[in-house]
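See structure below.
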Amino acid sequence: MDRITAIEQQKKNPGRVSVYVDGEFRLGCSARRVEQFGLAVGNTLDGQTLAAVEAAEELHDAKAAALRLLGHRARTVKDLQMRLQKKQYAEHTITRVIEWLTGLGYLDDDRYAADRLEALLRSKKMGRHGLKSRLISDGCDPRLAEQAVEGMLSSADEARLAVELAQERAERMRGKDRQAIRRSVAGLLQRRGFDGEHIYAALEAIDPADDAW
């Protein structure tokens, strides 16, 4: 008959209740769902209402999980989506959470890309390819990542950073074998995402044949 026979506050979680149907436990939900869906002893609990209660509970839980994730650090839409998927929320629930957070301004991939680039460039010297790869790995769309990097770091800026980084590494290796220094500098610049043209130019700029070595 699916008639609610008891609604009891949970001992370990006062904000939640246990709903019993025909004497058997049917579901646990937050106390607010009781009023929202008119749950009361003596009322019937049909499949449609049960599904609606469960969907509301999942949406509430997914929103809370998303806010906790954003509380640790800013994230891209894709990153947050993947993390919610790992928690096994339904796709339609995740979509609603993403739309909700975007509407509130908590998710903004354009702003994320700009802020992330500024932070990366403050912490270390990197080339445009390296910066783009970082943004993509964070979940930014490749086209957005490329546009953000191009707008933040010009080719001339990248060339300057490559030379500065090469000089720093060469200075720390002063007195070492010339070829060893060049290999070390080239490897460092490559790992930091500088392109071949700027790596070559940086190596020429710190050539150990120069009297400064």
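Residue numbering for the sequence shown follows our numbering, beginning at 1 and increasing consecutively.
Here a beta-carbon is modelled for each residue, glycine too, at the ideal position from N, C-alpha and C.
Bear in mind the structure is a predicted one, so any value in this text is a computation, not a measurement.
Item, Value
"Just how far apart, CA to CA, sit Ala186 and Asp79?", "32 Å"
"Contact check, Ala113 vs Leu135 under 8 Å by CB: the rounded distance?", "6 Å"
"Which residues in the same chain have their Cβ closer than 8 Å to the Cβ of Asp195, if we skip the five residues on either side of it in sequence?", "Gly127, Arg128, His129, Glu158"
"Can you tell me where the alpha helix (DSSP H) holding Gln9 begins and where it ends?", "Here Gln9 belongs to no alpha helix (DSSP H); instead the beta strand (DSSP E) covers 4 to 9."
"Going by DSSP in three states, Gly28 sits in which element: helix, strand or coil?", "strand"
"Does the Cβ-Cβ distance between Leu107 and Leu131 come in under 9 Å?", "no"
"Which residues in the same chain have their Cβ closer than 6 Å to the Cβ of Glu57, if we skip the five residues on either side of it in sequence?", "Cys29"
"Can you list, in chain order, the residues of its chain with a C-beta nearer than 6 Å to that of Val149? Leave out the 5 residues immediately preceding and following it.", "Arg128, Leu131, Lys132"
"Locate the beta strand (DSSP E) running through Tyr20, then write down its first and last residues.", "16 to 21"
"Just confirm the distance between the C-beta atoms of Trp100 and Lys63, as a whole number of angstroms; I'd bet it's less than 8 Å.", "7 Å"
"For the alpha helix (DSSP H) containing Gly42, list its first residue and its last residue.", "Per DSSP, Gly42 belongs to no alpha helix (DSSP H) and is neither H nor E."
"With 16 as the cutoff for other CB atoms within 10 Å, does His198 come out buried or exposed?", "buried"
"Going by DSSP in three states, Met126 sits in which element: helix, strand or coil?", "coil"
"Determine the extent of the alpha helix (DSSP H) in which Thr102 is found, giving its start and end residues.", "91 to 104"
"So, at 6 Å on beta carbons, what are the nonlocal neighbours of Lys86 in its own chain, with the 5 sequence-adjacent residues on each side left out?", "none"
"Buried or exposed for Asp46, going by 16 or more other Cβ atoms inside 10 Å?", "exposed"
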